[in-house]
Amino acid sequence: MTTTPPSKSINKLLWITDIHLDRASEETKSRFLDKLAGISYDGLLITGDISVAEHLTTHLAEISWACKERNVYFTLGNHCYFGSSFSEVDRRVADLCRQRSNLVPLGHGEVIQLTQNTSLIGHRGWYDGQAGAGEGTRIECPDRQWIKDFQGLTKAGFFSKLRDLGRESAHYFRQVLPKALDGSKNVIIATHVPPFTQGLGHRGSFCDWNRQPFFSNREAGNVIYGISKQFARRKITVHAGHTHCPVDARLLPNLDIRVGGAQPGFPAFQEFLTIE
Numbered sequence: 024m025t026t027t028p029p030s031k032s033i034n035k036l037l038w039i040t041d042i043h044l045d046r047a048s049e050e051t052k053s054r055f056l057d058k059l060a061g062i063s064y065d066g067l068l069i070t071g072d073i074s075v076a077e078h079l080t081t082h083l084a085e086i087s088w089a090c091k092e093r094n095v096y097f098t099l100g101n102h103c104y105f106g107s108s109f110s111e112v113d114r115r116v117a118d119l120c121r122q123r124s125n126l127v128p129l130g131h132g133e134v135i136q137l138t139q140n141t142s143l144i145g146h147r148g149w150y151d152g153q154a155g156a157g158e159g160t161r162i163e164c165p166d167r168q169w170i171k172d173f174q175g176l177t178k179a180g181f182f183s184k185l186r187d188l189g190r191e192s193a194h195y196f197r198q199v200l201p202k203a204l205d206g207s208k209n210v211i212i213a214t215h216v217p218p219f220t221q222g223l224g225h226r227g228s229f230c231d232w233n234r235q236p237f238f239s240n241r242e243a244g245n246v247i248y249g250i251s252k253q254f255a256r257r258k259i260t261v262h263a264g265h266t267h268c269p270v271d272a273r274l275l276p277n278l279d280i281r282v283g284g285a286q287p288g289f290p291a292f293q294e295f296l297t298i299e
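Take 24 as the starting number for the sequence shown in the numbering used here and just add one per residue.
See below:
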């Protein structure tokens with residue numbers, strides 16, 4: 024599927040990530056939404072962890088209303104599935120997007136032409152358990168308790184599922200990224216989990232070896248890196264979240280990763296992106 028370009032160019036894209044609205048007080052959430060409604064930008068980009076499953080569609084609808092006629096391009100994050108399953112959350116979000124036309128979920132094959140020179144693609148992505156200590160990690164991932172698809176799995180079964188999720192996102196970028204690069208000088212990739220370990224921070228330091236399996240999507244990173252080398256005259260910038268620790272890193276002359284910071288309970292804007 025290829026999305027029809029916006030009715031006007033998106034020259035100012037507001038990026039937010041890991042806003043965790045379920046953890047914000049009503050007063051804090053209202054202030055955030057009022058600010059979102061009142062400032063100037065052409066479109067909104069969210070790179071995951073909007074809320075937990077129980078409140079996700081309510082909070083997405085509130086964001087949609089705050090943005091008014093401006094499009095909301097978004098991926099989900101792992102916390103968006105807490106308390107439910109992949110299929111159920113995806114179904115509810117799809118139903119809402121059919122009702123709210125300015126909600127644009129990423130990850131369905133679309134290449135969104137923001138301007139003549141820049142396009143946007145995205146995919147939820149998922150940590151694939153391969154970085155750092157891998158399956159030998161001493162860290163217990165809380166997602167095994169909170170997401171139904173993981174409940175009851177052995178550690179080996181859990182890591183097998185993670186590898187499948189990593190391969191799924193890698194396959195997606197292998198199919199969609201070259202199409203975007205064929206038509207644009209610049210491509211923005213939106214995903215929740217950083218695909219490169221160079222983007223991994225944790226509480227102000229580089230991410231611990233034992234946490235890395237749950238902080239990086241190495242399968243997707245390998246694909247993006249390889250395609251970037253093939254399209255050396257094109258610029259690719261990956262925008263991600265998940266770690267709550269801001270990092271900017273350059274992997275190749277034409278490939279950057281930017282990971283947003285976050286403080287759960289206090290939703291904030293990351294940056295206004297000027298789109299060429």
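Think of the CB as a built atom: it goes at the ideal place given N, C-alpha and C, for glycine as much as any other residue.
Roughly how many angstroms lie between the CA atoms of residue i and residue j, to the nearest whole one?
i: F238; j: V199; result: 23 Å
i: T221; j: D279; result: Before going further, note that residue 221 is Gln rather than Thr in the sequence given. Distance between the alpha carbons of Q221 and D279 is about 10 Å.
i: C90; j: P128; result: 15 Å
i: I247; j: A193; result: 8 Å
i: R121; j: L188; result: 26 Å
i: L275; j: L56; result: 37 Å
i: N233; j: G157; result: 8 Å
i: I170; j: S110; result: 11 Å
i: T141; j: A255; result: 16 Å
i: V210; j: L37; result: 16 Å
i: S108; j: H78; result: 14 Å
i: Q310; j: L296; result: The structure shown does not extend to residue 310, since the chain spans only 24 to 299, so no value can be given for it.
i: S48; j: D72; result: 16 Å
i: D166; j: N277; result: 34 Å
i: T26; j: A285; result: With a pLDDT of 47 at T26, under the threshold of 50, the predicted position of this residue should be treated as unreliable, and no value is reported.
i: G132; j: V261; result: 17 Å
i: V95; j: G61; result: 15 Å
i: Q139; j: S183; result: 41 Å
i: K258; j: D172; result: 36 Å
i: S207; j: K178; result: 42 Å
i: Y195; j: P290; result: 29 Å
i: C103; j: D231; result: 24 Å
i: L1; j: G159; result: In this structure the chain extends from 24 to 299, so residue 1 is not present and cannot be described.
i: Q324; j: V270; result: In the structure displayed, the chain extends from 24 to 299; residue 324 sits before or after that span and is not available.
If you check the beta carbons only, do residue i and residue j fall under 7 Å apart?
i: L137; j: I33; result: yes
i: V112; j: A84; result: no
i: A203; j: I144; result: yes
i: S74; j: L119; result: no
i: T80; j: H215; result: no
i: G288; j: G264; result: no
i: A213; j: L68; result: yes
i: E242; j: R197; result: no
i: L185; j: G152; result: yes
i: G224; j: C164; result: no
i: S87; j: R115; result: no
i: Q235; j: A154; result: yes
i: R161; j: T98; result: no
i: R93; j: G130; result: no
i: Y64; j: K31; result: no
For residue i, which of helix, strand or coil comes out of DSSP?
i: R234; result: coil
i: W88; result: helix
i: E294; result: strand
i: T26; result: For T26, the predicted structure reports a pLDDT of 47, less than 50, and the residue's modelled location is therefore unreliable. The matter cannot be settled from this model.
i: T81; result: helix
i: Y96; result: strand
i: I73; result: coil
i: F229; result: strand
i: G222; result: helix
i: K202; result: helix
i: G106; result: coil
i: I42; result: coil
i: G157; result: helix
i: K31; result: coil
i: G244; result: helix
i: Y195; result: helix
i: D113; result: helix
i: F254; result: coil
i: D57; result: helix
i: D151; result: coil
i: P287; result: coil
Can you round the beta-carbon distance between residue i and residue j to whole angstroms, since I take them to be within the 8 Å contact cut?
i: Y150; j: N245; result: Actually they do not touch by this definition, with Cβ atoms about 14 Å apart.
i: G106; j: D41; result: The pair is not a contact, with the Cβ atoms about 17 Å apart (cut-off 8 Å).
i: F292; j: I39; result: 6 Å
i: P217; j: T266; result: 7 Å
What are the partner residues of residue i, as DSSP defines its beta bridges?
i: G145; result: A213
i: R281; result: H262, D271
i: Q136; result: S142
i: G130; result: Answer is none; G130 lacks a bridge partner.
i: A175; result: Note that residue 175 is Gly in the sequence shown here, rather than Ala. G175 pairs with nothing; no bridge assigned.
i: G66; result: L36, N94
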